[in-house]
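Numbering-wise (this note's numbering), the sequence shown opens with residue 497 and increments by one.
The structure under discussion appears below in the form of C-alpha cells.
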Amino acid sequence: MKNKKQKILGNIKKAIDGIGEGLRSSSTQAIQFELKELENVFCLLILGSFSGIPSPPAFLSLNLLPHLEKEIRVMLSRSKNIDDPLGDIFSVFDVG
497 MKNKKQKILG NIKKAIDGIG EGLRSSSTQA IQFELKELEN VFCLLILGSF SGIPSPPAFL
557 SLNLLPHLEK EIRVMLSRSK NIDDPLGDIF SVFDVG
C-alpha cells in the first residue's frame, strides 16, 4: 500500500515537473520573439526615414547608431533577399 502511494506521488511529481518544463520553454520562446520584434521596432525608429516613417532628431540617431550594427546587418541581408521584379528590370537596362 505504501509503495503504491509513493509510486502515485512520484508520477504526479513527474507530471507537474513536465508541465513546468513546458511552461518555461514556451515563455522563453515568447520572450525571444518579443525581443526580436522590439529590435525591429527600434531599428525602424532610428532608420525609419528609409521606409518613409518620420525619424527622430539626427543627434539622437547618431548617438544610437553604434548600438545598431546587428540590426543594420539584418536589414541589409533581408533587403538582398527581397524579390523586386521592377528593380530587376531596371538593373538589366541600366536606368539611372
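We treat Cβ as the ideally placed atom computed from N, Cα and C, and that holds for glycine.
For clarity, every value in this text was computed on a predicted model and none was experimentally measured.
| Query | Result |
| --- | --- |
| Check whether the Cβ of PRO553 sits closer than 8 Å to any heavy atom of the ligand SAM, and report yes or no. | Ligands displayed in this structure: none; no statement on the ligand SAM is therefore possible. |
| Per DSSP, what kind of secondary structure is PRO562 in: helix, strand or coil? | helix |
| How would you label ILE542, buried or exposed, when you count the other beta carbons within 10 angstroms and need 16 or more for buried? | buried |
| Verify whether the separation of the beta carbon atoms of LYS566 and GLU517 is less than 9 Å. | no |
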